[in-house]
Structure formats: C-alpha cells, structure tokens
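Peer 1:
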Ligand SMILES: Nc1ncnc2c1ncn2[C@@H]1O[C@H](COP(=O)(O)OP(=O)(O)OP(=O)(O)O)[C@@H](O)[C@H]1O
Ligand SMILES: O=c1ccn([C@@H]2O[C@H](COP(=O)(O)O)[C@@H](O)[C@H]2O)c(=O)[nH]1
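Numbering (the UniProt record's numbering), first residue to last: 1 to 232.
#1: Within the same chain, show all residues whose beta-carbon is closer than 6 angstroms to that of residue 113, passing over the 5 residues directly before and after it, in chain order.
#2: Does the beta carbon of residue 147 fall short of 7 angstroms from some heavy atom of ligand 4?
#3: For residue 87, which of helix, strand or coil comes out of DSSP?
#4: Could you name the residues that DSSP lists as bridge partners for residue 121?
#5: Please confirm whether residue 10 and residue 45 have their CB atoms less than 8 angstroms apart.
#6: Assuming the contact rule is C-beta atoms closer than 8 angstroms, residue 198 and residue 6 should be a hit. Round their C-beta distance to whole Å, please.
#7: Can you give me the C-alpha to C-alpha distance between residue 26 and residue 127, rounded to a whole angstrom?
#8: Please work out which residues of its chain come closer than 8 angstroms, Cβ to Cβ, to residue 169, disregarding the five sequence neighbours upstream and downstream, and give them in chain order.
#9: Given a cut-off of 8 angstroms on the beta-carbon distance, is the pair residue 48 and residue 69 in contact?
#10: Give the list of continuous alpha helix (DSSP H) stretches no shorter than 4 residues that lie fully inside the segment 93-122.
#11: List in chain order: all unbroken beta strand (DSSP E) runs of 3+ residues lying wholly within the segment 115-176.
#12: Report yes or no: do the segment 50-62 and the segment 80-91 share at least 3 C-beta pairs separated by less than 8 angstroms?
#13: Runs of 4 residues minimum, wholly inside the segment 191-223: which ones carry the alpha helix (DSSP H) assignment?
#14: Note down the Cα distance separating residue 102 from residue 162, rounded to an integer number of angstroms.
#15: To the nearest angstrom, how far is it from the Cα of residue 202 to the Cα of residue 109?
#16: Output yes or no for whether 8 angstroms exceeds the beta carbon distance between residue 115 and residue 89.
#17: For residue 28, which of helix, strand or coil comes out of DSSP?
#18: Can you name, in chain order, every residue of its own chain whose Cβ lies under 7 angstroms from the Cβ of residue 186, other than the five neighbours on each side?
#19: For ligand 2, is there any heavy atom lying closer than 7 angstroms to the beta carbon of residue 122?
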C-alpha cells in the first residue's frame, strides 16, 4: 500500500519540540513496519511564517518569500528525518517528484518539503500522490477536517464528513474570489484540483494528535473529512 501523508508545519512544529517530532516519527515508523510505503511531505508552520514576515518587511519579493518558505519546509523535513530509523527512510530530501519516486522504490519512507514557488506543500502532497500512483493521501492539519467556513473564525461552521472533489474546488475558489486566497479550506486550490483530476482517495484530519494518522491508515478510523472522487 502506497500512501502520501502531508504533515502540516502547524502540527509537526507548532514550536521547536523534539518530543513532538519524535511522536510523528514513531507513527511513521510503525506504519512503515506494517508494510506501508510512505511519502511524507512536511509543511513550514509558524517558523516559515516568521521568516516570510521578516523578509517581507525587508523588501523581498513574493518569489523570494516562497523560496524562503520552501527552505523552511525542507528544514522541517530534515528534522523529521533526523528522528527516523535510517534503515527505513531515504537519507536525503528529494527536491522534485522524480527524485521522490526513485527514493520510494528503494526505501520504505521518503520525507520531503516544498519544490517550486507559488504553491504550498498541500499541492506538493497531492502532486506526489498523483506522480507515484499512491493509493491514499492524508492531510494531517491543525483542524479536524474541511468546514463550510473557517472553524477558527466562525463558531457555527459545520464540518463536511464527505465532500466531492469538484465541490471542494468550488469551495476554495469561492474563497479566492472573495479576496481571501486559500483561507476557506485547510488545503489549497491547486491541491484540490490535482485531487479532482487524479481521483485519489484523500482525507483531511486533525493531526494535533499524531496517533490519529496511524488509526486512520491502519484501522480506517478517523475524525475528519473524506474527499471523494466525483460521482462516486
Ligand atoms: N473551511 C475551512 N475548514 C477548515 N479549516 C479552515 C477553513 N478555512 C480556513 N481554515 C483554516 O485552515 C487552517 C489549516 O491549518 P494550517 O494553516 O495550520 O495549515 P497546515 O497545513 O496544517 O500547516 P502549515 O501551513 O502551518 O504548514 C486552520 O488554521 C483553519 O483556521
Ligand atoms: O512547493 C512549495 C511549498 C511551499 N512554498 C512556500 O512555503 C510556504 C510554507 O509552506 P506551507 O505548505 O504553507 O507550510 C508556502 O506558504 C509558500 O510560500 C512554495 O512556494 N512552494
């Protein structure tokens, strides 16, 4: 079984706590030992936002800011890699999907961050899942799924237990047309479009408890949103 797991920086490194990274590493190792072939994509989290904020104040342009974000996601990926058993994980961080696919043939686990400017690691996760023909894609993020409004802003926001890929694309695009790019879902528009075209089975769950990822993948039990292919 081939699986891509997107681990948001907001849940891997809400602060720089080795114990928390270790918890995620334990989950990844037990999944790999259960026979999963895992592509792990790590986000930037608050550290990326701090760097991007400071560099914006210093006059960096958007492309330069994205590159700083990519560097931070790769730094976080290295942190997770440092905690993983070297017999299970590829020793370096792939910088593109081809490298990641090659590494996944050799090793049980591959960890990476961003690849190119103008997107987020949500899109990297979806594109990697598509590129390696993954069976499943999991987004471990700081909210328990996709809601009809930002649950951190609207107390009446309701969660989708299931949402069709096309509906998700529309939901996110509506947010963009309101001038709040990417603000109305925990995954970005490009990721939603890739999920739609590839028809991959994807779920969004609360990764603040790392063991939720293990339960979802080993027992099929999760509290979150399933993104289902159109018309299924
Ligand atoms: N409709 C929505 N449903 C769920 N979450 C939403 C929605 N709209 C906005 N959000 C926001 O999406 C965010 C998703 O988590 P977050 O930005 O922390 O991303 P991450 O991918 O886990 O980590 P990071 O981007 O920090 O690497 C939450 O902060 C939540 O408030
Ligand atoms: O492929 C990528 C991945 C990331 N970025 C930039 O990094 C930040 C942080 O990534 P998150 O996934 O949001 O944690 C993102 O906002 C982009 O600025 C990128 O350009 N390309």
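Glycine residues also receive a C-beta, built at the ideal position from the N, C-alpha and C atoms.
Peer 2: Looking at the atomic coordinates:
#1: Working through the chain shown from its first residue, we reach residue 113 at position 113. Hits under 6 angstroms: 42, 73, 74 and 77.
#2: As far as ligands go, the structure on display features ligand 1 and ligand 2 and does not contain ligand 4.
#3: One-based indexing of the chain shown puts residue 87 at position 87. In the structure shown, residue 87 sits in coil (DSSP, three-state: anything other than H, G, I, E or B).
#4: What you label residue 121 is simply residue 121 of the chain shown in a count that begins at 1. Residue 121 is not bridged to any residue.
#5: In the chain shown, the residue the question calls residue 10 occupies position 10. In the chain shown, the residue the question calls residue 45 occupies position 45. A contact, by the Cβ cut-off of 8 angstroms.
#6: To locate residue 198, count along the chain shown from 1; it is residue 198. To locate residue 6, count along the chain shown from 1; it is residue 6. Not really, about 15 angstroms apart at Cβ, beyond 8 angstroms.
#7: Residue mapping note: residue 26 aligns to position 26 of the chain shown, counting from 1. Residue mapping note: residue 127 aligns to position 127 of the chain shown, counting from 1. Using only the alpha carbons, I get a separation of about 25 angstroms.
#8: Reading the chain shown from its first residue, position 169 is the one you call residue 169. For residue 169, where only same-chain residues beyond five positions count, the Cβ hits under 8 angstroms are 189, 192, 193 and 196.
#9: The residue given as residue 48 occupies position 48 in the chain shown. The residue given as residue 69 occupies position 69 in the chain shown. Against a cut-off of 8 angstroms, the Cβ pair of residue 69 and residue 48 comes out as a contact.
#10: 97-106
#11: 136-141 and 162-164
#12: no
#13: 211-219
#14: On the chain shown, position 102 is the one that residue 102 refers to. On the chain shown, position 162 is the one that residue 162 refers to. Their Cα atoms are separated by approximately 33 angstroms.
#15: As a position in the chain shown, residue 202 is number 202, starting the count at 1. As a position in the chain shown, residue 109 is number 109, starting the count at 1. Roughly 19 angstroms separates the two Cα atoms.
#16: Numbered from its first residue, the chain shown carries residue 115 at position 115. Numbered from its first residue, the chain shown carries residue 89 at position 89. It is not a contact, given that the beta carbons lie outside the stated cut-off.
#17: If you number the chain shown from 1, residue 28 lands on position 28. Of the three classes helix, strand and coil, the one that applies to residue 28 here is helix, per DSSP.
#18: Position 186 of the chain shown holds residue 186. So the list reads 139, 141, 143, 146 and 204, once near-sequence residues are dropped.
#19: In the chain shown, counting from the first residue as 1, residue 122 sits at position 122. Flag set: Cβ of residue 122 near ligand 2.
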